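Novice: Residue 104 in the UniProt record's numbering sits at position 104 of the sequence shown; the count goes up by one each step and never skips. Handing you a structure now.
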Amino acid sequence: MKAVLMTAAGGPEVLQLDEVAEPEIVAPGQIKVRIHAAGINPVDTKIRSRGLFQPGKLPVILGLDGAGEVCAVGAGVTEFKPGDAVWYCNGGLGREPGNYAEYTVLDAKAARRKPISVDFAEAAAGPLVLLTAWEGLFDRAGLQAGHTVLVHAGAGGVGHVAIQLAKWAGARVITTVGTPEKTAMVRELGADHVIDYHREDFVEETLDWTDGRGVDICLDTVGGETLTRSVGATAHYGSLVTLLQLSASDTAWNEARTRNLRLGFELMLTPLMRDLPEARAHQGEILDRCAGLIDDGLLKLCVTRRYPLAEASEAHAEIGGGRVRGKLVLMT
């Protein structure tokens with residue numbers, strides 16, 4: 001089969017299209033999937049540039065998100081049959097092959113039925129960002145109707161679905177973007193107020209929007225100075241959730257303590273990295289909830305460009321440019 005291999009840690013050029021052996025089912029609980037599309041996420045570019053997240057030997061196949069058609073099932077699988085359309089987040093960290101390929105084999109429990117109202121490309125764009133946004137907003141921050149929410153980088157992969165999930169839950173949403181095109185996009189997705197961070201101070205704008213109180217929940221997808229400054233935009237007794245690591249030089253945490261903020265970290269990869277079956281089952285339930293919202297027309301996955309599998313390196317280069325709206329997808 002054709003697959004894109006990460007041959008070394010480095011720039012996009014280390015991704016090479018090659019022929020590799022087609023994977024086969026080796027355990028009764030596995031399914032084999034003909035991959036039609038693979039989502040591309042920033043974490044893929046981090047693994048490519050920095051090295052594998054899990055023990056593995058190069059070359060490896062990257063890509064956590066996939067959508068495709070079941071073509072074979074193990075003897076113990078009862079929930080799927082050949083021909084079923086599925087979506088999932090699995091592999092791609094080093095230990096298990098990812099989805100920049102024509103086929104994959106995975107545990108049936110890691111897959112869920114694809115939303116019927118979207119194509120494979122849109123489905124492949126969803127799992128990682130949907131799980132991240134849902135866990136960050138609901139599991140970490142306890143989002144409820146009536147809350148005010150600040151979503152950083154609202155036109156990005158996580159941001160654009162976080163806006164929609166927060167609005168669906170009855171929250172008011174303010175978000176940051178960097179271009180007029182992204183402003184238009186997030187307004188269409190339901191954002192109540194939009195901040196152009198190139199021209200406006202997001203802390204001042206957020207405090208003005210909330211009459212000086214700050215937001216109940218801040219979802220940080222940027223890190224660094226944006227994270228530390230977000231303390232000042234979050235209400236006393238509010239929740240600040242970040243997808244990024246804290247810097248040793250951060251100085252805002254005394255103020256966070258004074259405000260009695262709930263600080264949360266969101267890494268949806270933890271169940272994959274630590275082999276936590278209950279957490280993976282919970283993530284499956286989230287995907288089922290999101291599939292329902294998508295099929296009901298309440299949640300949209302924005303795919304801005306579809307690349308052929310052979311152009312994975314070009315797609316990674318585009319993400320590195322920092323101007324992507326929504327998601328990029330590889331078509332196999």
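Virtual Cβ for every residue (Gly too), placed ideally from N, Cα, C. Every value quoted in this text rests on a predicted model; they were computed, and no experiment measured them.
Assuming R63 and A38 make a contact with CB atoms under 8 Å, what is their CB distance in whole Å?
Specialist: What sits at residue 63 in the sequence shown is Gly, not Arg. Contact flag correct, Cβ pair sits at about 4 Å.
Novice: Please name the residue in V60, Y103, V161 whose C-alpha comes closest to that of G96.
Specialist: Before going further, note that residue 96 is Glu rather than Gly in the sequence given. Answer by Cα proximity: V60.
Novice: Straight-line CA distance for G284 to L272?
Specialist: 12 Å
Novice: Inspect the beta-carbon positions of S230 and A141 and report whether they are closer than 7 Å.
Specialist: no
Novice: Among the candidates V173, R48, G83, A125, whose CA atom is the shortest distance from the CA of R306?
Specialist: A125
Novice: Tell me where the beta strand (DSSP E) around S117 begins and ends.
Specialist: Careful: S117 lies outside any beta strand (DSSP E) and carries neither H nor E.
Novice: Would you mind working out which of E266, V215, T304, G297 sits nearest W134, comparing C-alpha positions?
Specialist: E266
Novice: Can you tell me whether DSSP reads P277 as helix, strand or coil?
Specialist: helix
Novice: Grab the span of the alpha helix (DSSP H) containing residue 406 for me, first residue to last.
Specialist: Not covered by the structure: residue 406. The range shown for the chain is 1 to 332.
Novice: Which runs of the beta strand (DSSP E) at least 3 residues long sit entirely within the stretch 76-145? Give them in chain order.
Specialist: Listed in chain order, the complete beta strand (DSSP E) runs (minimum 3 residues) inside the stretch 76-145 are 85-89, 103-107, 111-113.
Novice: For H160, does the count of other Cβ atoms within 10 angstroms reach 16, so buried, or fall short, so exposed?
Specialist: buried
Novice: Looking only at its chain, what residues have a beta carbon closer than 6 Å to the beta carbon of L219, apart from the 5 residues adjacent to it on each side?
Specialist: So the qualifying residues of the chain are G136, V151, A162, V241.
Novice: In this structure, does DSSP put G238 in helix, strand or coil?
Specialist: strand
Novice: Please report the distance separating the alpha-carbon of T176 from that of M185.
Specialist: 12 Å
Novice: With distances taken Cα to Cα, identify the nearest neighbour of I116 among S247, G94, V86.
Specialist: V86
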